[in-house]
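*Asks:* Here the sequence shown stands for residues 1 to 381, numbered as in our numbering.
From the three backbone atoms N, C-alpha and C, an ideal C-beta is built for every residue, glycine too.
On a predicted model such as this, the values are computed, not experimentally measured, just so you know.
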Amino acid sequence: MRGAWKIGSVAGIAVQVHWTFLILLAWVALAYGAEGGPAAALRGALLICLLFATVVAHELGHAMAARWFGVRTLDITLLPIGGVARLERFPEEALPGLVIALAGPLVSGLIAAVLLGGALVVGGPLALLPGPGASLVVQLGLANLLLCLFNLLPAFPMDGGRALRAALAAFVGSLAATRYAAAVGRVMAALFGVVGLMSNPFLLLIALFVWLQGAAEEQAALVRHALRRRTVVDALARDVRVLPPGTTVADAAMLLQHGLQQEFPVVGDGRLVGVVGQGDLVRALAAGFGRAPVTEVMRRDVAPLPLATPLTAAYERLQEAAAAGLRALPVVDEGGELVGLVGLDTVAGLMAVAAAAAAARPRPGRDRFEMPALGAAGRAA
Ligand SMILES: [Zn+2]
């Protein structure tokens, strides 16, 4: 996430804090300081830091549950409105979705129970009264209780909303479940907005987050659904120019002028031996390697995509490849033989069409629609 600094890592997951978090810290310290002087300011800052340590624990709850189901967590980021655990994907199946969504609030609830229970044992019932006189332990315990309960509200994509979505998925299917949960989430966001306007500006921020992020995730689910049976076959360019290993860099660069292809598979003895991209050729030419064979500048470590690769998975691989300078990847059949190339722009185009087709039918409950065929070379059996 842009504007976030890594402050450490827990269980192999990077924990970072967004710079806007410092504004919250300063704001709370100033508010406490204005009431009770420097000591109170320090206490306020300490409370916020401890509170966000428990927020990290909440996010780790999600992350550990996700790991149990084989889903990696990319990082955990602390924002003023709370924490975000970025999972590589959120499972669409009911059980993993439910467990991962509820694991965070469960951790917050447990922390609250331990802290408030401890305060009750040590100080009696009066110690639990909220207010400025409450101990740090009680304030932290109450905050975690609030964190637990607030996150359980069915405001998709907050935890309660994700749990609702997962539970619904068991009955109405994944796509309809996402649409219902997002609709409930929008009602909740509107409520947050109204209450936020009257009382708490943070609630307004959360309302905005729920509304925008919910819409984005609903859209992504629609695209995934529309493309669920599509494989790279649907985006495959079969008529591609391949290079024999002896081709010189200069000859290969000449082919770039046609503009039809920027990546060239290098095939020797009927086998794919590497891929060379426009950037590789241009750099080699600039370095004076025009007469060198392409085998000296090609990439040998490009894993080809099998024909049966789902389009959504191919899209992720293509994005990684594009970051490394290749905008297309070779595709091979079951026998490992090269059958063509699949390009990032083609797949992105298919996804955009799927998104448009999905947006054209915004009625919940309609689980069936088919994306219009677009340049599809054929469909995998
Ligand atoms: Zn959570």
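Taking 6 Å as the cut-off, is the CB of Asn144 close to at least one heavy atom of ligand 1?
*Replies:* In the sequence shown, counting from the first residue as 1, residue 144 sits at position 144. For ligand 1, not one heavy atom lies less than 6 Å from the Cβ of Asn144.
*Asks:* Are the stretch 244 to 252 and the stretch 188 to 200 in contact at 8 Å, needing three or more beta carbon pairs?
*Replies:* no
*Asks:* Got a sec, what are the start and stop residues for the beta strand (DSSP E) Asp333 sits in?
*Replies:* For the purposes of this step, residue 333 is taken as residue 333 along the sequence shown, with counting starting at 1. Unbroken run through Asp333: none, as it is neither H nor E.
*Asks:* Classify Met351 as buried or exposed, calling it buried when 16 or more other Cβ atoms lie within 10 Å of its own Cβ.
*Replies:* Within the sequence shown, numbered from 1, the residue matching residue 351 stands at position 351. Per the 10 Å Cβ criterion, buried.
*Asks:* If you run the structure through DSSP and keep just helix, strand and coil, what is Ile81?
*Replies:* As a first step, residue 81 must be located in the sequence shown, where it is residue number 81. Reduced to three states, the DSSP call for Ile81 is coil.
*Asks:* Going by DSSP, name the residue or residues bridged to Phe264.
*Replies:* Here residue 264 refers to the residue found at position 264 of the sequence shown. Val276, per the DSSP bridge assignment.
*Asks:* Is it buried or exposed for Ser9, if we count other Cβ within 10 angstroms and need 16 for buried?
*Replies:* On the sequence shown, residue 9 is found 9 positions in, with the first residue counted as 1. Around the beta carbon of Ser9, fewer than 16 other beta carbons sit within 10 angstroms, so the residue counts as exposed.
*Asks:* Among residues of its own chain, excluding the 5 on either side of Ala207, which ones have a beta-carbon nearer than 6 Å to its beta-carbon?
*Replies:* In the sequence shown, residue 207 corresponds to position 207, counting from 1. Only Ala189, Phe192, Gly193, Gly196 meet the Cβ criterion.
*Asks:* Which of the three DSSP states is assigned to Gly259 in this structure?
*Replies:* Against the sequence shown, residue 259 aligns to sequence position 259. Correct three-state label for Gly259: coil.
*Asks:* I need the straight-line Cα distance from Arg86 to Ala127, nearest angstrom please.
*Replies:* The residue you call residue 86 lines up with position 86 of the sequence shown. The residue you call residue 127 lines up with position 127 of the sequence shown. The straight-line gap from Cα to Cα measures roughly 37 Å.
*Asks:* Hey, how far is the Cα of Leu129 from the Cα of Val172?
*Replies:* As a first step, residue 129 must be located in the sequence shown, where it is residue number 129. As a first step, residue 172 must be located in the sequence shown, where it is residue number 172. Answer to the nearest angstrom: the Cα atoms are 44 Å apart.
*Asks:* Apply the 10 Å Cβ neighbour rule to Glu316 and answer buried if 16 or more other Cβ atoms are within range, or exposed otherwise.
*Replies:* To locate residue 316, count along the sequence shown from 1; it is residue 316. With fewer than 16 Cβ atoms within 10 Å of its Cβ, Glu316 is classed as exposed.
*Asks:* Can you tell me whether Asp251 sits near ligand 1, meaning its C-beta is under 6 Å from at least one heavy atom of the ligand?
*Replies:* Counting from 1 along the sequence shown, the entry for residue 251 is found at position 251. No.
*Asks:* Is the stretch 136 to 146 touching the stretch 92 to 106, taking contact as three or more C-beta pairs under 8 Å?
*Replies:* They do not touch, by the three-pair rule.
*Asks:* Within a Cβ cutoff of 8 Å, which residues of the same chain sit near Gln416, ignoring the five residues on either side of it in sequence?
*Replies:* The structure shown has nothing for residue 416, since the chain only spans 1 to 381.
*Asks:* Which residues share a DSSP beta bridge with Trp5?
*Replies:* The residue labelled residue 5 in the question sits at position 5 within the sequence shown. Beta-bridge pairing links Trp5 to Val17.
*Asks:* For the alpha helix (DSSP H) that Leu126 lies in, which residues bound it at each end?
*Replies:* Taking the first residue of the sequence shown as 1, we reach residue 126 at position 126. Element bounds for Leu126: n/a, residue is neither H nor E.
*Asks:* Considering only heavy atoms of ligand 1, list every residue whose Cβ is less than 6 Å from one of them, following chain order.
*Replies:* Taken from the N-terminal end onward, the list reads His58, His62, Gly104, Asn151, Asp159.
*Asks:* Tell me whether Asp234 is buried or exposed, calling it buried when 16 or more other Cβ atoms sit within 10 Å of its Cβ.
*Replies:* Here residue 234 refers to the residue found at position 234 of the sequence shown. Its Cβ being crowded by 16 or more others within 10 Å, Asp234 is buried.
*Asks:* Between Arg89 and Gly268, what straight-line distance do the alpha-carbon atoms span, to the nearest angstrom?
*Replies:* As a first step, residue 89 must be located in the sequence shown, where it is residue number 89. As a first step, residue 268 must be located in the sequence shown, where it is residue number 268. Near 38 Å, if we compare the C-alpha coordinates of Gly268 and Arg89.
*Asks:* Hey, does Leu260 have any beta-carbon neighbour from chain D nearer than 7 Å?
*Replies:* Absence of chain D from the displayed structure is noted, only one protein chain being present.
*Asks:* Could you round the C-beta distance between Val210 and Met254 to whole angstroms and report it? I think they count as a contact, below 8 Å.
*Replies:* The residue given as residue 210 occupies position 210 in the sequence shown. The residue given as residue 254 occupies position 254 in the sequence shown. Between Met254 and Val210 the Cβ distance is about 55 Å, and since that is not below 8 Å, they are no contact.
*Asks:* For a test of your reading of the model: does the CB of Glu59 fall under 6 Å from any non-hydrogen atom of ligand 3? Yes or no.
*Replies:* Ligands present in the displayed structure are limited to ligand 1, and ligand 3 is not among them.
*Asks:* Does the separation of the CB atoms of Ala358 and Leu222 fall below 7 Å?
*Replies:* Position 358 of the sequence shown, counted from the first residue, corresponds to residue 358. Position 222 of the sequence shown, counted from the first residue, corresponds to residue 222. Cβ distance < 7 Å, so Ala358 and Leu222 count as in contact.
*Asks:* In whole angstroms, what separates the C-alpha of Gly70 from that of Val15?
*Replies:* In the sequence shown, residue 70 corresponds to position 70, counting from 1. In the sequence shown, residue 15 corresponds to position 15, counting from 1. Taking the straight line from one Cα to the other gives about 20 Å.
*Asks:* Work out the CA separation of Gly274 and Arg299 for me, nearest whole Å.
*Replies:* The residue labelled residue 299 in the question sits at position 299 within the sequence shown. The residue labelled residue 274 in the question sits at position 274 within the sequence shown. Answer to the nearest angstrom: the Cα atoms are 5 Å apart.
*Asks:* Look up Arg165 in the DSSP assignment and say whether it is helix, strand or coil.
*Replies:* Along the sequence shown, read from residue 1 onward, the residue named residue 165 stands at position 165. Three-state result, Arg165: helix.
*Asks:* What whole-angstrom Cβ distance do Leu147 and His62 have, given they're in contact under 8 Å?
*Replies:* Reading the sequence shown from its first residue, position 147 is the one you call residue 147. Reading the sequence shown from its first residue, position 62 is the one you call residue 62. Their Cβ separation, rounded to whole angstroms, is 13 Å, which puts Leu147 and His62 out of contact at 8 Å.
*Asks:* Between Leu236 and Gly340, how many whole angstroms is the CB-CB distance? I'm expecting something under 8 Å.
*Replies:* Translated into positions along the sequence shown, residue 236 becomes position 236. Translated into positions along the sequence shown, residue 340 becomes position 340. Under the criterion of beta carbons closer than 8 Å, Leu236 and Gly340 qualify as touching, at roughly 5 Å.
*Asks:* Determine, using beta carbons only, whether Ile48 and Val28 come nearer to each other than 7 Å.
*Replies:* In the sequence shown, residue 48 corresponds to position 48, counting from 1. In the sequence shown, residue 28 corresponds to position 28, counting from 1. Yes, these two residues count as a Cβ contact at 7 Å.
*Asks:* Our contact map puts Pro154 next to Val184 with C-beta atoms below 8 Å; I'd like the distance itself, whole angstroms only.
*Replies:* One-based indexing of the sequence shown puts residue 154 at position 154. One-based indexing of the sequence shown puts residue 184 at position 184. A Cβ-Cβ separation of about 5 Å places Pro154 in contact with Val184 under the 8 Å criterion.
*Asks:* Taking only runs of the alpha helix (DSSP H) that begin and end inside the stretch 155 to 203, which ones reach a length of at least 4 residues, in chain order?
*Replies:* 159 to 172, 174 to 198
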